[in-house]
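To keep things clear, I will list the structure first and then write my remarks on it.
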Amino acid sequence: MSITEDQARKVAHLARIAVDDAALPALARELNGILHFMEQLNEVDVTGVEPMTGVTPMRLKRREDVVTTGGMADKILSNAPDAREGFFAVPKVVE
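In my numbering, the protein residues as written are 120 to 214.
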């Protein structure tokens, strides 16, 4: 499969990318190169290869799912530029 200049123009339009007519041949060549690389990847035999999310096997850190009251409102509100009565105070935005 190869990309023509008209198809490259359409792809650029769909991607909302402004491309001059003079740059369309180069864009078409780049898109063709990407498609060629994808065709090469399709030739790789991956039978028996487990899907993975990273190159090193690891488990995500887990914590016990316990409902708490938080107990750190003072710490959180200490970062607020303006806090009143235990809440963040923000300027009024709706009249």
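Think of the CB as a built atom: it goes at the ideal place given N, C-alpha and C, for glycine as much as any other residue.
(1) When you compare only the Cα positions, how much space is there between L143 and T123?
(2) Assign A134 to one of three DSSP states: helix, strand, or coil.
(3) Would you please state the rounded distance, in angstroms, between the beta carbons of L154 and M120? I believe it to be under 8 Å.
(4) Please name the residue in V174, A127, D140 and G173 whose C-alpha comes closest to that of G152.
(5) Report the residue from F206, D184, V168 and R181 whose alpha carbon sits nearest the alpha carbon of D193.
(6) Can you list, in chain order, the residues of its chain with a C-beta nearer than 6 Å to that of R181? Leave out the 5 residues immediately preceding and following it.
(7) Does DSSP put R148 in a helix, in a strand, or in coil?
Reading it off the structure:
(1) As a working mapping, residue 143 is identified with position 24 in the sequence shown. As a working mapping, residue 123 is identified with position 4 in the sequence shown. Their Cα atoms are separated by approximately 9 Å.
(2) Within the sequence shown, residue 134 is the residue found at index 15, counting from 1. Three-state DSSP puts A134 in coil, outside helix and strand.
(3) As a working mapping, residue 154 is identified with position 35 in the sequence shown. As a working mapping, residue 120 is identified with position 1 in the sequence shown. With 8 Å as the limit, L154 and M120 qualify as a contact, their Cβ atoms being about 6 Å apart.
(4) Taking the first residue of the sequence shown as position 1, residue 152 is located at position 33. Out of V174, A127, D140 and G173, A127 has the C-alpha closest to the C-alpha of G152.
(5) Position 74 of the sequence shown, counting from 1, holds the residue named residue 193. Residue F206 is the option with its Cα nearest to D193.
(6) For the purposes of this step, residue 181 is taken as residue 62 along the sequence shown, with counting starting at 1. Correct list: empty, nothing qualifies.
(7) The count along the sequence shown starts at 1 and reaches residue 148 at position 29. Looking at R148 - three-state DSSP - the assignment turns out to be helix.
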